[in-house]
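Student:
Numbering (the UniProt record's numbering), first residue to last: 1 to 145.
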């Protein structure tokens with residue numbers, strides 16, 4: 001099982017490197033740095049090594065939205081995405097939690113469904129010919145301290 005925690009700037013190189021490995025470039029490094037500085041990035045580790053990360057915001061109709069869930073290719077199908085998303089569900093401060101994936105990403109759709117997310121709609125024209133499917137789950141703390 002992966003261990004999940006809030007990422008720190010000391011994790012930036014691992015996170016940006018993993019993102020570059022998956023995406024092919026480091027174009028999102030500043031976005032990742034900002035998310036880490038704002039405590040909106042979670043890091044999953046397995047055996048002390050970075051295995052995946054999750055970036056979220058709360059600007060989607062004032063609800064939490066996980067906009068990046070990235071797993072190192074060598075760590076896929078080992079529960080890393082699930083661990084990140086379950087951690088997010090537990091610490092989410094909004095009542096609703098949203099995320100999305102391309103229609104072509106059947107593996108991620110499976111993860112959403114296995115965690116009881118429901119399809120909430122779709123957005124065309126982000127990636128031509130590959131609609132973005134939006135998923136939703138009731139989550140978060142119902143009692144605020």
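Don't be surprised by glycine CBs; every beta carbon is placed ideally from N, CA and C. Please read these numbers as outputs of a predicted model, since none were measured by experiment.
Comparing alpha-carbon positions, which option in 24, 13 and 64 lies nearest residue 33?
Tutor: That would be 13, whose Cα lies nearest to the Cα of residue 33.
Student: When the distance is taken between beta carbons, is residue 89 closer than 9 Å to residue 44?
Tutor: No, they are not a contact pair.
Student: Give me, in chain order, the residues of the same chain whose beta-carbon lies closer than 8 Å to that of residue 114; leave out the 5 immediate sequence neighbours on both sides.
Tutor: Same-chain partners within the cutoff: 82.
Student: Return the CA-CA distance between residue 52 and residue 111, expressed in angstroms with no decimal places.
Tutor: Between residue 52 and residue 111, the C-alpha separation is close to 14 Å.
Student: Can you tell me where the alpha helix (DSSP H) holding residue 17 begins and where it ends?
Tutor: Note, residue 17: alpha helix (DSSP H), 12–23.
Student: Which whole-angstrom value describes the C-beta separation of residue 97 and residue 64, a residue pair presumed to lie in contact below a C-beta threshold of 8 Å?
Tutor: Contact holds; Cβ gap of about 5 Å.
Student: If we count the other Cβ atoms within 10 Å of its Cβ and call it buried at 16 or more, is residue 133 buried or exposed?
Tutor: Buried, by the Cβ-count rule.
Student: With DSSP collapsed to three states, give me the class of residue 88.
Tutor: Reduced to three states, the DSSP call for residue 88 is helix.
Student: Go to residue 107, then tell me how far its alpha helix (DSSP H) extends in each direction, as first and last residue.
Tutor: 106–114 is the extent of the alpha helix (DSSP H) around residue 107.
Student: Do residue 16 and residue 5 have their C-beta atoms closer together than 9 Å?
Tutor: Going by C-beta atoms, residue 16 is not nearer than 9 Å to residue 5.
Student: If you run the structure through DSSP and keep just helix, strand and coil, what is residue 145?
Tutor: At residue 145, the pLDDT of 32 sits below 50, so the modelled position is not reliable; the number obtained from the coordinates is stated separately. It is coil, neither helix nor strand.
Student: Give the secondary structure of residue 1 by DSSP, where H, G and I count as helix, E and B as strand, and everything else as coil.
Tutor: Coil.
Student: Quick check for students: name the residue ranges of the alpha helix (DSSP H) that lie wholly in the region 18–88, counting only runs of 4 or more.
Tutor: With a minimum length of 4 residues, the continuous alpha helix (DSSP H) runs that stay inside the region 18–88 are 29–37.
Student: Within its chain, find whatever has a CB closer than 8 Å to the CB of residue 9; leave out the 5 residues flanking it on each side and keep chain order.
Tutor: These residues qualify, in order along the chain: 33, 36 and 37.
Student: Here's the rule I'm using: 16 or more other beta-carbon atoms within 10 Å means buried, otherwise exposed. How should residue 135 be labelled?
Tutor: So residue 135 ends up on the buried side.
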